[in-house]
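J.: I have a structure here, written as structure tokens, and I will follow up with some questions on it.
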Amino acid sequence: MTPPAPNRKRLSRAESQALTRKRLLDSAFEVVSRYGYDGASVEMIAEEAGFSKGAFYSNFNSKEDILLQLLQTNASNDVEELTELFAPLQDVESILQALKSWSDARSANQKWGTIAIEFVRRTIHDGDTENPQLHIFYSQWKGVGELLAEKLNISPTRISPLNLGGLVLEVTYGGISGFLKVNTSGEMLDEMLRLMIGPPASEPIQR
-14 MTPPAPNRKR LSRAESQALT RKRLLDSAFE VVSRYGYDGA SVEMIAEEAG
36 FSKGAFYSNF NSKEDILLQL LQTNASNDVE ELTELFAPLQ DVESILQALK
86 SWSDARSANQ KWGTIAIEFV RRTIHDGDTE NPQLHIFYSQ WKGVGELLAE
136 KLNISPTRIS PLNLGGLVLE VTYGGISGFL KVNTSGEMLD EMLRLMIGPP
186 ASEPIQR
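With our numbering applied, the sequence shown covers -14 to 192.
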């Protein structure tokens, strides 16, 4: 006798909509990174996600809207991931190693850098360099910079949190290092931060 099929929990309307949005965001990530902003279309994004254009417009206002939300999600995820990663760590060496591994893992997927550049390129092309939407990147840079400055005790007189976070994220998402047989993004960040921090207190500075 065939056993009865297990009862599947029916998703609530809110859960179903959240799942639809996630699939559309994942699809936009793939389509825009593959074809660029101009080459991607709402139809392509909806089709890859397995939905109609109607489902797309029920969740997002436009192609620009979904790209903006995609970048906002990634930017906040970076800060949250690093905050959680560093939380139990106290010594400098552990923090640097954790950042190195994180940067190498993130830089291995160069699609995020491609999507961010597409967004900024379009903004500048439209002549809107003061677009408040660019604040996504400022907030991301500052958030990462403040976190690292606190954990590594880097004074803002040496480098501002905004610039510190910008260096970390630009090196991570720049992409070129992934094609070269030289240092990885994590290795470059490791060397850069060690120079900023200076030698451990137990090691006298050689003059």
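The beta carbon of each residue, even a glycine, is placed where N, CA and C say it ideally should be.
Here's the rule I'm using: 16 or more other beta-carbon atoms within 10 Å means buried, otherwise exposed. How should G183 be labelled?
T.: Start at 1 with the first residue of the sequence shown, and residue 183 comes out as number 198. Exposed.
J.: What's the gap between the Cα of M177 and the Cα of S88?
T.: Reading the sequence shown from its first residue, position 192 is the one you call residue 177. Reading the sequence shown from its first residue, position 103 is the one you call residue 88. Cα to Cα, M177 sits roughly 13 Å from S88.
J.: What does the Cβ neighbour count give for K85, buried or exposed, with the cut at 16 atoms within 10 Å?
T.: In the sequence shown, the residue the question calls residue 85 occupies position 100. By the 10 Å Cβ count, K85 comes out buried.
J.: Give the single residue among F14, N94, S43, G21 whose Cα lies nearest to the Cα of R106.
T.: Numbered from 1 along the sequence shown, position 121 holds the residue referred to as residue 106. Closest by alpha carbon: G21.
J.: Tell me which residues share the same chain as E15 and place their Cβ nearer than 7 Å to its Cβ, disregarding the 5 neighbours each side in the sequence.
T.: By 1-based counting over the sequence shown, the position of residue 15 is 30. Result list for E15: E33, in chain order.
J.: Is the beta carbon of I109 less than 7 Å from the beta carbon of A60?
T.: What you label residue 109 is simply residue 124 of the sequence shown in a count that begins at 1. What you label residue 60 is simply residue 75 of the sequence shown in a count that begins at 1. Not a contact, by the Cβ cut-off of 7 Å.
J.: In whole angstroms, give me the CA-to-CA distance for L52 and T58.
T.: As a position in the sequence shown, residue 52 is number 67, starting the count at 1. As a position in the sequence shown, residue 58 is number 73, starting the count at 1. Going by the C-alpha atoms only, they are around 10 Å apart.
J.: Under the rule that 16 or more other beta-carbon atoms within 10 Å means buried, what is T142, buried or exposed?
T.: Reading the sequence shown from its first residue, position 157 is the one you call residue 142. It counts as exposed.
J.: Quick one: Cα of Q191 to Cα of Y158, how far?
T.: Taking the sequence shown and counting its residues from 1, one reaches residue 191 at position 206. Taking the sequence shown and counting its residues from 1, one reaches residue 158 at position 173. With a pLDDT of only 42 at Q191, under the threshold of 50, the placement of this residue in the model should not be trusted, and no figure is reported.
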